[in-house]
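Residue numbers (UniProt numbering): 1 to 48. What follows is a single structure, written as structure tokens, with notes after it.
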């Protein structure tokens, strides 16, 4: 039986790079979430 895998389509050689890229994206998202500031909305007019 022939081996049907193509060496130029092998993702295992990119495993380290893809893992590091995923970690970078996820850590950036977490840091952005912690640094995000939320301000309380002030009313446009004062109720009497």
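Where a beta carbon is used, it is the ideal one built from N, C-alpha and C, also for glycine.
Distance, residue j Cα to residue i Cα
{"i": "residue 25", "j": "residue 46", "result": "44 Å"}
{"i": "residue 19", "j": "residue 12", "result": "11 Å"}
{"i": "residue 29", "j": "residue 35", "result": "10 Å"}
{"i": "residue 38", "j": "residue 9", "result": "45 Å"}
{"i": "residue 41", "j": "residue 27", "result": "29 Å"}
{"i": "residue 4", "j": "residue 16", "result": "24 Å"}
{"i": "residue 31", "j": "residue 21", "result": "15 Å"}
{"i": "residue 14", "j": "residue 33", "result": "29 Å"}
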